[in-house]
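Participant: If you're matching them up, the sequences are chains A and B in order. Residue 683 in the numbering used here sits at position 128 of the first sequence; the count goes up by one each step and never skips. Residue 560 in the numbering used here sits at position 65 of the second sequence; the count goes up by one each step and never skips. Please see the structure below; I have some questions.
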Amino acid sequence: MNSGDKIWDSVKSEYLRQIETALSKLGHTQRSEILEDVNFHLEQRYSELTDEQKNWENYQAIITDMGPPSDYADLLQTNQPPKHTRPAMKTVIIAVVTLIAIAVILIAVPQILRPAQTSFPLAISDELPHPFENDPRIVGRWESVDFVKRIEDFQPGIKLWQGELFLKQVVFTPSGGTSIGNTWTNGWIYDNKDKVKAEYKITEFDGRSYLFFPWLSGDVTIRGMKPRYYVLEKKGESRRGTQINREEQK
Amino acid sequence: MQYTVYGHKNLIVSTAGFMDFHNWRTQFRKGLLEFVVLALLEHGQQHGYQMVQTLKKIQSLEIREGNVYPILARLQTDGLIRSKQEFSENGPPRKYFRLTQKGKTTLAEMGRHWELITQGVHTIRKGAYV
């Protein structure tokens, strides 16, 4: 069902495509039903907009209200496996003991090889904490103004980095993508290739928003060093957010 | 500020603590949403958009509008609700959901369990068992 509004149809199609990807492990019937219901809901929201309200920003706001595509898969998962596939307790115990033994071995090797200057305490966790949570403050286009070793080093109006800033700008989309290949969730920037994440921070100075974007270079991802930060200033909303997210998803 | 290396050779090393309130809240919400959706349908059939408008009024649920649809899909798969299309003079046909008998029974059990849990937690928080 297309509205005839090309921008809205494009925004809606992209969101539905991302949901379909998130639900790719589901059966066709269940997936189709959810997509049909969500499509209907989106069209209902669109029909409630006045002509003046029909613009890219409001379309993105609707998508934000719907929630990230990862929510759909997350809410469909159950913690309880089907009875006929539940393994015997003995098998579970053997599997857990084996995994612990492997984990202990894998911890010991990197600890020996890791450089001595790594100063962060390490702990083992069994979970990957990757829910997506929106942060409306970060959505949009940001331009670099400085590159600092520590966040507290930054002074508005004074560029500390003497050379050229390699990173010129970053666009953050409402669905967790960026224009430079990283992904994000509330408070975190991810480098999915090197499996590293670091916290970002947004502050206000004199009515301007500044983003401290952790630069996940090889020093961070390989040598375990602390990241430095690009300081970016918020610019006008990006109208290419949806297109950029589609490209970075390929 | 924290940074984390994750997913490397099935090993996760983290500088964060183990107690993750955000994750707990996510899991808590997930279970609660099923109960709340069934409770809504106890009062009569509704369509998805209508249910979302009602649920959004409960701010503590922190529901996003799309959340209700995977919940409805799962409840339908589990046989607790069923759906049917109803034609409208004013627009396209809408899909209405209603409880099945199994759904009514499950909802009643959930309700009893909810009462027990909330009473127990309330008692603990007041220090009655300390």
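Even for Gly, the Cβ is constructed at its ideal location relative to N, Cα and C.
I'd like the span of the alpha helix (DSSP H) that includes Trp-609 of chain B, first residue to last.
Facilitator: Segment 596-620, the alpha helix (DSSP H) holding Trp-609 of chain B.
Participant: How is Asp-746 of chain A classed by DSSP in three states: helix, strand or coil?
Facilitator: The answer is strand: DSSP assigns Asp-746 of chain A an E or B state.
Participant: For Lys-525 of chain B, return the contacting residues in chain A, with the cut-off set at a CB-CB distance below 7 angstroms.
Facilitator: Residues of chain A passing the Cβ test: Leu-630.
Participant: In whole angstroms, give me the CA-to-CA distance for Lys-714 of chain A and Asp-701 of chain A.
Facilitator: Those two C-alpha atoms are separated by around 6 angstroms.
Participant: Using 8 angstroms as the limit for Cβ to Cβ distance, is Thr-549 of chain B near chain A?
Facilitator: Not one chain A Cβ lies under 8 angstroms of Thr-549 of chain B.
Participant: In or out: Ser-602 of chain A buried (at least 16 other Cβ within 10 Å) or exposed?
Facilitator: Ser-602 of chain A comes out exposed.
Participant: Does chain A have any CB closer than 8 angstroms to the CB of Glu-581 of chain B?
Facilitator: False, the Cβ-Cβ gap to chain A never drops below 8 angstroms.
Participant: Using 8 angstroms as the threshold, is the stretch 522-539 of chain B in touch with the stretch 593-601 of chain B, meaning 3 or more CB pairs across them?
Facilitator: With the cut-off at 8 angstroms, the stretch 522-539 of chain B and the stretch 593-601 of chain B touch.
Participant: Apply the 10 Å Cβ neighbour rule to Asn-689 of chain A and answer buried if 16 or more other Cβ atoms are within range, or exposed otherwise.
Facilitator: It counts as buried.
Participant: If you reduce the DSSP assignment to three classes, tell me which class Phe-592 of chain B lands in.
Facilitator: Here Phe-592 of chain B sits in strand by DSSP.
Participant: Is there a Cβ of chain A sitting closer than 8 angstroms to that of Gly-543 of chain B, yes or no?
Facilitator: Closer than 8 angstroms: yes.
Participant: Which of the three DSSP states, helix, strand or coil, is assigned to Ala-643 of chain A?
Facilitator: If DSSP states are grouped into helix, strand and coil, Ala-643 of chain A belongs with coil.
Participant: What's the gap between the Cα of Glu-591 of chain A and the Cα of Ile-553 of chain B?
Facilitator: If I take the Cα positions, the gap works out to 26 angstroms.
Participant: Counting only Cβ-Cβ distances shorter than 7 angstroms, please list the residues of the stretch 575-608 of chain A near chain B, keeping chain order.
Facilitator: Taking 7 angstroms as the Cβ-Cβ cut-off against chain B, the residues of the stretch 575-608 of chain A that qualify are Gln-585, Glu-588, Ile-589, Asp-592, Val-593, His-596 and Gln-599.
Participant: Give me the residue from A:Val-703, A:Lys-789, A:Leu-771 and A:Asn-613 with the minimum Cα distance to Arg-692 of chain A.
Facilitator: The candidate whose alpha carbon is nearest that of Arg-692 of chain A is A:Lys-789.
Participant: Quick check on DSSP: helix, strand or coil for Tyr-570 of chain A?
Facilitator: Looking at Tyr-570 of chain A - three-state DSSP - the assignment turns out to be helix.
Participant: Should Gly-731 of chain A be labelled buried (16 or more other beta-carbon atoms within 10 Å of its own) or exposed?
Facilitator: Result: buried.
Participant: Excluding the 5 residues flanking Phe-582 of chain B on each side, which residues of the same chain have their C-beta closer than 8 angstroms to its C-beta?
Facilitator: Cβ neighbours of Phe-582 of chain B beyond the five flanking positions: Pro-588.
Participant: Only counting the same chain, and skipping five residues up and downstream in sequence, which positions put a Cβ closer than 8 angstroms to that of Glu-698 of chain A?
Facilitator: Around Glu-698 of chain A: Lys-723, Gln-724, Leu-787, Glu-788 and Lys-790.
Participant: Going by beta-carbon coordinates alone, are Phe-767 of chain A and Ile-706 of chain A separated by less than 8 angstroms?
Facilitator: Cβ distance < 8 angstroms, so Phe-767 of chain A and Ile-706 of chain A count as in contact.
Participant: Consult DSSP for Val-694 of chain A and reduce its assignment to one of helix, strand or coil.
Facilitator: Three-state result, Val-694 of chain A: coil.
Participant: Using the Cα positions of Gln-717 of chain A and Trp-770 of chain A, report the straight-line distance between them to the nearest angstrom.
Facilitator: Rounded to the nearest angstrom, the two C-alpha atoms are 17 angstroms apart.
Participant: With 16 as the cutoff for other CB atoms within 10 Å, does Ser-579 of chain A come out buried or exposed?
Facilitator: Exposed is the call here.
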